[in-house]
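So the structure is just underneath, and the comments pick up after that.
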Amino acid sequence: DAGVTQSPTHLIKTRGQQVTLRCSPKSGHDTVSWYQQALGQGPQFIFQYYEEEERQRGNFPDRFSGHQFPNYSSELNVNALLLGDSALYLCASSSQTEAFFGQGTRLTVV
Amino acid sequence: RKEVEQDPGPFNVPEGATVAFNCTYSNSASQSFFWYRQDCRKEPKLLMSVYSSGNEDGRFTAQLNRASQYISLLIRDSKLSDSATYLCVVMEYGNKLVFGAGTILRVKS
Chain G
15 DAGVTQSPTH LIKTRGQQVT LRCSPKSGHD TVSWYQQALG QGPQFIFQYY EEEERQRGNF
75 PDRFSGHQFP NYSSELNVNA LLLGDSALYL CASSSQTEAF FGQGTRLTVV
Chain L
573 RKEVEQDPGP FNVPEGATVA FNCTYSNSAS QSFFWYRQDC RKEPKLLMSV YSSGNEDGRF
633 TAQLNRASQY ISLLIRDSKL SDSATYLCVV MEYGNKLVFG AGTILRVKS
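What follows is the structure, given as structure tokens:
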């Protein structure tokens, strides 16, 4: 049983570019959440998808958008990248009682 | 006030020591509570869930005090491999996780 998988694992982008990160949830999980973790900080909630809709959103600008597909996989899109968007982006899939994380995508904006 | 607050440490302890981490949370409606462990540049991994009755898993004991909105983690007989960042995590409505900034533990021989 595959756990949560994310791609790519590492990415380098230039300021102003756009990026798409991908996540496949753990089997049996229908809820996917995205988190941003800056160096030395705890993960910060970006948004959550359930039944292909954004159900909750954290305090992130509209440059951050997402999508969930019928197979529950999800994408995170970030437009007009800023240097401050450099971080580890984590995807978590969850049931009612627990959440598991993918290995993350480390995004560097130069 | 941060939603979940932890002492960032670092806690530097010798092998075999007992160490305790504490955490407070602000949302009294929070539903579930966890400790996650995160190794350098890796994803957080679930260490254990936390219940009001307390729960133990080997050398690890976690406790929740809902009245005080306080969560604790006790590690006995520390091992070098316990060195990591320990994240206090609260699950809110809709499975949204709110993380503390983490407590760094360094176990030294």
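Same order as they appear, the protein sequences are chains G and L. Residues are numbered in my numbering as their position in the first sequence, beginning at 1, plus a constant of 14. Residues are numbered in my numbering as their position in the second sequence, beginning at 1, plus a constant of 572. Cβ atoms here follow ideal geometry from the backbone N, Cα and C, with glycine treated the same way. It should be emphasised that the depicted structure is a prediction, and the values quoted were computed from it without experimental measurement.
Chain G contact for residue i (CB, 8 angstroms cutoff)
i	result
S655(L)	no
F632(L)	no
G667(L)	The sequence as given places Asn at residue 667(L); Gly does not occur at that position. Chain G, which has a Cβ nearer than 8 angstroms to the Cβ of N667(L), makes this yes.
S598(L)	no
L659(L)	yes
S624(L)	no
Among the options, nearest to residue i - alpha-carbon criterion
i	options	result
R29(G)	R120(G), T119(G) and N93(G)	N93(G)
A601(L)	V679(L), A589(L), N667(L) and L659(L)	N667(L)
A592(L)	N584(L), L669(L) and S598(L)	N584(L)
R678(L)	D654(L), M620(L) and Q641(L)	D654(L)
P586(L)	L659(L), K651(L) and D579(L)	K651(L)
T45(G)	L53(G), R69(G), I60(G) and K27(G)	R69(G)
Three-state class that DSSP yields for residue i in the structure shown
i	result
N594(L)	strand
L96(G)	coil
Per-residue contacts from residue i into chain G (C-beta, under 7 angstroms)
i	result
E615(L)	L104, F115, G116, Q117 and G118
Contact with chain L by residue i, beta-carbon distance below 8 angstroms
i	result
S38(G)	no
T111(G)	yes
Contacts of residue i in chain L (Cβ-Cβ under 7 angstroms)
i	result
E134(G)	In the structure displayed, chain G extends from 15 to 124; residue 134(G) sits before or after that span and is not available.
S79(G)	By Cβ distance, chain L contributes nothing, its closest Cβ being about 18 angstroms from S79(G), past 7 angstroms.
T45(G)	N667
Residue i: CB within 7 angstroms of a non-hydrogen atom of the ligand HEM
i	result
L659(L)	Although the ligand HEM was asked about, the structure shown includes no ligands whatsoever.
Partners in chain G for residue i, counting only beta-carbon separations shorter than 8 angstroms
i	result
A673(L)	G54, Q55 and G56
L618(L)	E112, A113 and F114
V670(L)	F59
Short Cβ contact (8 angstroms threshold) for residue i with residue j
i	j	result
V18(G)	S38(G)	yes
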